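Okay, so here's the structure we're looking at.
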Amino acid sequence: MAQEDNTMPNSQQYSVRDEMLIAASAERVRSLVDDVAGWTQLHQPAVHAAILEDTGDERLIRHWAVTGRDSVRTWTARRTRAADGSRISFTHEEPEAPFATLEGAWTFQERDGKTLVEMRHDFTMSDGPDALADELSARLHAGSRDYLRALGHAAENHEELDRLIISFTDALFIAGDVKDAYDYLWEADKWEERIPHIAKLDLEEPAPDVQFFDMLTSTPDGSSHRTRSVRVTVEPDIIVYKQTELPALLDGHTGHWKFTQTPEGVIAEARHTATIKPSALHILGEGTTVLDARKYLRRVLSANSVSNLRLAKAHAEERAGV
Numbered sequence: 005m006a007q008e009d010n011t012m013p014n015s016q017q018y019s020v021r022d023e024m025l026i027a028a029s030a031e032r033v034r035s036l037v038d039d040v041a042g043w044t045q046l047h048q049p050a051v052h053a054a055i056l057e058d059t060g061d062e063r064l065i066r067h068w069a070v071t072g073r074d075s076v077r078t079w080t081a082r083r084t085r086a087a088d089g090s091r092i093s094f095t096h097e098e099p100e101a102p103f104a105t106l107e108g109a110w111t112f113q114e115r116d117g118k119t120l121v122e123m124r125h126d127f128t129m130s131d132g133p134d135a136l137a138d139e140l141s142a143r144l145h146a147g148s149r150d151y152l153r154a155l156g157h158a159a160e161n162h163e164e165l166d167r168l169i170i171s172f173t174d175a176l177f178i179a180g181d182v183k184d185a186y187d188y189l190w191e192a193d194k195w196e197e198r199i200p201h202i203a204k205l206d207l208e209e210p211a212p213d214v215q216f217f218d219m220l221t222s223t224p225d226g227s228s229h230r231t232r233s234v235r236v237t238v239e240p241d242i243i244v245y246k247q248t249e250l251p252a253l254l255d256g257h258t259g260h261w262k263f264t265q266t267p268e269g270v271i272a273e274a275r276h277t278a279t280i281k282p283s284a285l286h287i288l289g290e291g292t293t294v295l296d297a298r299k300y301l302r303r304v305l306s307a308n309s310v311s312n313l314r315l316a317k318a319h320a321e322e323r324a325g326v
């Protein structure tokens with residue numbers, strides 16, 4: 005259900021509202037909205053969210069999201085949570101033109117064990133005709149509906165998703181410089197020569213610190229798969245990625261390379277979060293269970309990423325003369 009309320013059509017002030025009744029408690033729904041890091045696994049456009057400030061009830065968050073096959077949008081928003089948990093408000097800082105201001109809120113109302121969620125955007129424009137306001141409203145409506153659909157699915161299927169989502173981290177010590185290790189894993193245009201399990205990689209860099217690439221990967225069991233990924237760099241300590249076109253076994257795959265400087269060297273970390281597609285379990289053989297798939301993914305994904313970490317370690321330590 006959606007409605008648009010232009011109460012002051014000649015003043016360039018507009019309000020866009022969408023709502024959904026979700027068969028889950030308000031606490032569960034609210035916690036999903038709050039979990040901006042976990043949201044990247046649940047919502048297809050979301051790539052990364054970095055919490056810049058956190059005072060408990062108020063947070064400043066930097067977001068990255070795909071807006072097409074080869075583009076990424078970034079924005080910073082301040083979120084404030086009501087003391088009773090019934091509302092999370094947000095205000096975009098320096099919104100992208102033609103928005104002059106952009107703010108809104110999620111509200112959560114319990115209804116017989118379900119939750120009515122309203123997502124609202126209020127905006128003004130720096131300039132432009134009413135037709136542009138209509139276009140912006142339509143864009144906000146589409147984004148809100150997509151967000152609410154993902155929110156409803158995650159809230160109503162949380163137990164199943166707990167079984168299907170596997171998340172783990174592998175770490176390795178590097179006695180070298182953080183920039184050398186970072187650059188080795190960021191320079192994807194050199195992966196075909198550097199990384200044995202990469203059969204082919206086609207790279208696009210549409211903006212600074214943003215990469216898209218199509219990649220053919222070989223796995224230790226002799227199989228291969230083709231994927232498309234987006235990566236953003238938050239230099240100097242993290243490279244975040246998300247597969248936008250997935251292997252057949254998965255409904256989602258995100259992760260990061262993270263580098264932590266210590267007095268002795270660098271701790272390099274590879275993280276994977278993957279969502280298993282139940283209808284594709286047969287790919288691993290008849291009778292394959294979700295637990296079997298979890299074990300398979302833990303083994304295969306870890307083998308590839310640890311191999312990459314070891315190659316980055318050798319590169320950085322060679323440059324450091326170790």
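Quick note: the sequence shown uses the working numbering, first residue 5, plus one each step.
Think of the CB as a built atom: it goes at the ideal place given N, C-alpha and C, for glycine as much as any other residue.
The structure displayed is predicted, hence computed values, not measured ones.
Rounded to whole angstroms, what is the Cα-Cα separation between L3 and V214? Nothing can be reported for residue 3: it is not among the residues displayed for the chain, which extend from 5 to 326.
To the nearest angstrom, report how far apart E268 and I178 are at their CA atoms. 9 Å
Runs of beta strand (DSSP E) wholly within the stretch 209-267 (minimum 3 residues, chain order): 214-222, 228-238, 242-249, 254-266
CA-to-CA distance, S19 to D38, given in whole angstroms: So the alpha carbons of these two residues sit roughly 23 Å apart.
Length-filtered (3 minimum) beta strand (DSSP E) runs lying within the stretch 41-125: 50-58, 62-72, 75-85, 91-97, 103-115
Is the stretch 217-232 in contact with the stretch 142-162, if contact means three or more CB pairs nearer than 8 Å? no
Just checking my contact of A81 with H96 at CB under 8 Å: how many whole Å lie between their CB atoms? 5 Å
To the nearest angstrom, report how far apart M123 and G291 are at their CA atoms. 42 Å
List the residues that DSSP assigns as beta-bridge partners of G269. T266
Going by the beta-carbon positions, is the gap between K204 and L220 smaller than 8 Å? yes
Which same chain residues end up closer than 7 Å to A159 when comparing Cβ atoms and leaving out the 5 residues on each side of it in sequence? I26, A28, R32, V33, L36
Which word fits A175, buried or exposed, when buried means at least 16 other C-beta atoms lie within 10 angstroms of its C-beta? Classification for A175: exposed.
Taking all protein chains shown into account, decide if A320 is buried (16 or more other Cβ within 10 angstroms of its Cβ) or exposed. buried
If I follow the unbroken alpha helix (DSSP H) through L328, where does it start and stop? Nothing in the structure corresponds to residue 328, since the chain is present only between 5 and 326.
Could you tell me the alpha carbon to alpha carbon distance between V310 and F127, rounded to whole angstroms? 46 Å
In the DSSP assignment, find the unbroken alpha helix (DSSP H) run with E160 in it and report its ends. 134-160
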